[in-house]
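There are 2 protein chains.
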Amino acid sequence: MSNSDKVIIREVGLRDGIQSLPTIDTAKKLEWLQIESAAGIHAFEATSFVPAHVIPQFQDAGQLIEQGKREPALDLSALVLNEKGAQRAMAAGVGNIVFVLSASATHSGKNARTTPEAALNAVRAMIQQARQLPQPPHIAVGIATSFGCTYEGRIAAKTVLNIADQLAQAGADSISLGDTVGFAGPRQVRELFTQLRQVTGKLPLGAHFHDTRGMGMANVLAALDTGIRQFDASLGGLGGCPFAPGATGNIATEDLCFLLDEYGLDTGIDFEKLLQARQWLGTLLPNEPLHGALSRAGLPRIIRN
Amino acid sequence: MSNSDKVIIREVGLRDGIQSLPTIDTAKKLEWLQIESAAGIHAFEATSFVPAHVIPQFQDAGQLIEQGKREPALDLSALVLNEKGAQRAMAAGVGNIVFVLSASATHSGKNARTTPEAALNAVRAMIQQARQLPQPPHIAVGIATSFGCTYEGRIAAKTVLNIADQLAQAGADSISLGDTVGFAGPRQVRELFTQLRQVTGKLPLGAHFHDTRGMGMANVLAALDTGIRQFDASLGGLGGCPFAPGATGNIATEDLCFLLDEYGLDTGIDFEKLLQARQWLGTLLPNEPLHGALSRAGLPRIIRN
Chain A
86 MSNSDKVIIR EVGLRDGIQS LPTIDTAKKL EWLQIESAAG IHAFEATSFV PAHVIPQFQD
146 AGQLIEQGKR EPALDLSALV LNEKGAQRAM AAGVGNIVFV LSASATHSGK NARTTPEAAL
206 NAVRAMIQQA RQLPQPPHIA VGIATSFGCT YEGRIAAKTV LNIADQLAQA GADSISLGDT
266 VGFAGPRQVR ELFTQLRQVT GKLPLGAHFH DTRGMGMANV LAALDTGIRQ FDASLGGLGG
326 CPFAPGATGN IATEDLCFLL DEYGLDTGID FEKLLQARQW LGTLLPNEPL HGALSRAGLP
386 RIIRN
Chain B
86 MSNSDKVIIR EVGLRDGIQS LPTIDTAKKL EWLQIESAAG IHAFEATSFV PAHVIPQFQD
146 AGQLIEQGKR EPALDLSALV LNEKGAQRAM AAGVGNIVFV LSASATHSGK NARTTPEAAL
206 NAVRAMIQQA RQLPQPPHIA VGIATSFGCT YEGRIAAKTV LNIADQLAQA GADSISLGDT
266 VGFAGPRQVR ELFTQLRQVT GKLPLGAHFH DTRGMGMANV LAALDTGIRQ FDASLGGLGG
326 CPFAPGATGN IATEDLCFLL DEYGLDTGID FEKLLQARQW LGTLLPNEPL HGALSRAGLP
386 RIIRN
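Given below as structure tokens:
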């Protein structure tokens, strides 16, 4: 493993962070993309193609992608949960589509009104259809509740690995494991990603961690050690889990970048600008509790006396 | 490395956590020791033998040790910064004395009005004197600012290793590295502890991390991977660094235990009781901000529906 590898930091605040919040203007979302991009973050999960009556926040999904695509510095993804969403995402011409299915059948039913098997079939259909396009989008699949589920408890590794195997065979371009409800710890992360690598060969793999029980950064380190080089995070740890009141949401982008940088990876981040972006987010969402340690303590500094 | 190893969790809240706070009654300190001990924590850095006019909180050091010693479940340590403190600690008959010196000369001057060299001499004198006692105390040495200093920035590894080498030769019973101001990251932690192990042979080693910039748990994982099996922490992350306003203090005991448990180590912790102890601490210190994620989110739970 070389520490000089590039690493992909995916900002998911615009999707995972705001999905339960009052609707934010498209112009403000674009401003967010620009401000954070100027700090060195380029990959964004910017929206989700779900019905507007289910999540009003994403009613501007098509418009946001259309306008965001004009900015070459932005590498935009959109989340979909089913074939209908996939159709809309392809019609909007987004460069990356992230299909999220659940390893937990109960979570799958509640989150997407489907079964893991039906979701797998939808992914297969999406991949076939995408391949017909003149410029096929990158098809990523996120496996939610890979490390545990609020309804089913621990999810067996073989369940996750079996899904991943089928996704790899179906032609997914990358796979990410999600700790949707913050159950994961570093030992489990190492074990599962090590096994996943064996199943998926050279397919790019990613990790989506929440910091619900304080394990977020340790889980990142554990995943890094198994060679994972793609991580989801949200600025200020925005978001939260409706099943764990008071719990923080995704790991904080700024803390993640601090760790990746110290680990020796090439993040390309301007930390001063990233902390400014986080401040800007605080003014955009004055009533939302933001998390993360780096913004509170500041960058390490030396007092000359 | 076997994950079935025992691990020592040292609660330092009664020392590092409260040193800047208004004086707490000795009876309340004893209650704290008992409540947390009932949850499975047995090693406590319970006080410090420093002049009462410098830190009034520890004016009852002798009394607390005398009363605490009567409880067989408690494994008490006291911190000292110089020979005078060491004399008092030995007179009080504490089982473990932790002499803290600084790798940073500037921090050494400000924190203990001494130089690293003079502090090393004081440690040597203390060890010689302790060996004359019928029941010699365990002599641990903490090297503060091992990972960086607010005044001097990065501390060279060779500076820390040189001090550790001299401590090992002097006959210290254990050595701990302290990230006093929260500069450490997991890569540095792994590198320094790996080198330290080479210098110190089989001497027990410990780690004292702060969570100032969110790296606390990742640093624990990094240290665990190098074989470290002794960690300092404070309940609710009590404490803070006067040089980093708003920063949290030590890593939170309850989050540390959660990680160690998931790592597969035998902690002996009753998590329900530990979270109750943390609640009790909140009532003892209603005006102090407590930190940590596990207490906020609760233990992982499964919703049956």
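Sequence order for the protein chains is A and B.
Taking the numbering used here, the leading residue of the first sequence gets 86, the next gets one more, and so forth.
Taking the numbering used here, the leading residue of the second sequence gets 86, the next gets one more, and so forth.
From the three backbone atoms N, C-alpha and C, an ideal C-beta is built for every residue, glycine too.
For clarity, every value in this text was computed on a predicted model and none was experimentally measured.
Please state the DSSP three-state secondary structure of residue i.
| i | result |
| --- | --- |
| T132/B | strand |
| E392/B | The structure shown does not extend to residue 392/B, since chain B is modelled only from 86 through 390, so no value can be given for it. |
| A137/B | coil |
| E116/A | helix |
| R100/A | helix |
| I260/B | strand |
| D340/A | helix |
| H376/B | coil |
| G299/A | coil |
| H293/A | strand |
| F316/B | strand |
| R363/B | helix |
| G227/A | strand |
| R381/A | helix |
| V305/A | helix |
| S193/A | helix |
| I109/B | coil |
| K91/B | strand |
| I126/B | coil |
| F143/B | helix |
| M86/A | Confidence is the limiting factor: at M86/A the pLDDT is only 43, short of 50, which leaves the residue's position unreliable, though a coordinate-based value still follows. Three-state DSSP puts M86/A in coil, outside helix and strand. |
| G238/A | strand |
| L323/A | coil |
| P371/A | coil |
| L186/B | strand |
| N335/B | strand |
| T311/A | coil |
Quick one: which chain A residues come within Cβ less than 7 Å of residue i?
| i | result |
| --- | --- |
| L379/B | R298 and G299 |
| F356/B | The premise fails here: F356/B is roughly 11 Å from chain A at the closest Cβ pair, so nothing lies under 7 Å. |
Say the cut is 7 Å; is the CB of residue i nearer than that to a heavy atom of the ligand MN?
| i | result |
| --- | --- |
| A210/B | Because no ligand of any kind appears in the structure shown, any question about the ligand MN cannot be addressed here. |
Note the first and the last residue of the continuous beta strand (DSSP E) segment covering residue i.
| i | result |
| --- | --- |
| L164/A | D160 to V165 |
| V208/A | V208/A -> not in any beta strand (DSSP E); alpha helix (DSSP H) instead, spanning P201 to R216. |
| I388/A | Careful: I388/A lies outside any beta strand (DSSP E) and carries neither H nor E. |
Sort the options by Cα distance to residue i and report the nearest one.
| i | options | result |
| --- | --- | --- |
| N372/A | L323/A, Y348/A, T352/A and I126/A | L323/A |
| R443/A | D250/A, I313/A, F316/A and N196/A | Only positions 86 to 390 of chain A appear in the structure, and residue 443/A is not among them; the question remains open. |
| G102/B | Q142/B, A382/B, I94/B and V185/B | Q142/B |
| W365/B | G233/B, K113/B and H223/B | K113/B |
| R155/A | G180/A, A318/A, G170/A and Y348/A | G180/A |
| E96/A | V226/A, S380/A and R363/A | R363/A |
| S189/B | Q104/B, I313/B, A177/B and E237/B | E237/B |
| G147/B | L164/B, T285/B and A174/B | A174/B |
| N167/A | S187/A, L149/A, L161/A and I260/A | S187/A |
| G227/B | P219/B, V185/B, Q213/B and A382/B | V185/B |
| L369/A | K91/A, I120/A and D90/A | I120/A |
| A137/B | Q104/B, F316/B and G334/B | Q104/B |
| I126/B | D351/B, A382/B and H223/B | D351/B |
| S261/B | T297/B, L375/B, T191/B and L290/B | L290/B |
| R239/A | T230/A, N247/A and P219/A | T230/A |
| L360/A | L341/A, V284/A, E347/A and L306/A | L341/A |
| A269/B | D346/A, L309/A and C234/A | D346/A |
In chain B, what lies closer than 7 Å to residue i by C-beta?
| i | result |
| --- | --- |
| M302/A | G299, M300, M302 and A303 |
| G233/A | P385 |
Name, please, each residue of chain B whose Cβ falls closer than 8 Å to the Cβ of residue i.
| i | result |
| --- | --- |
| Q273/A | E347 |
Taking Cβ-Cβ distances shorter than 8 Å, what residues in chain A pair up with residue i?
| i | result |
| --- | --- |
| A307/B | L306 |
| F316/B | Correct list: empty, because the minimum Cβ distance to chain A is about 13 Å. |
Terminal residues of the continuous alpha helix (DSSP H) containing residue i?
| i | result |
| --- | --- |
| L277/A | P271 to T285 |
| P248/A | Here residue 248/A turns out to be Ile, not Pro, going by the sequence shown. Here the alpha helix (DSSP H) through I248/A covers A242 to A255. |
| L149/B | A146 to G153 |
| G170/B | E168 to A177 |
Note down, in chain order, every chain A residue with its Cβ under 9 Å from the Cβ of residue i.
| i | result |
| --- | --- |
| D340/B | R298, G299 and M300 |
| F268/B | P385 |
In chain B, which residues lie with their C-beta within 9 Å of the C-beta of residue i?
| i | result |
| --- | --- |
| F343/A | G270, R298, G299 and M300 |
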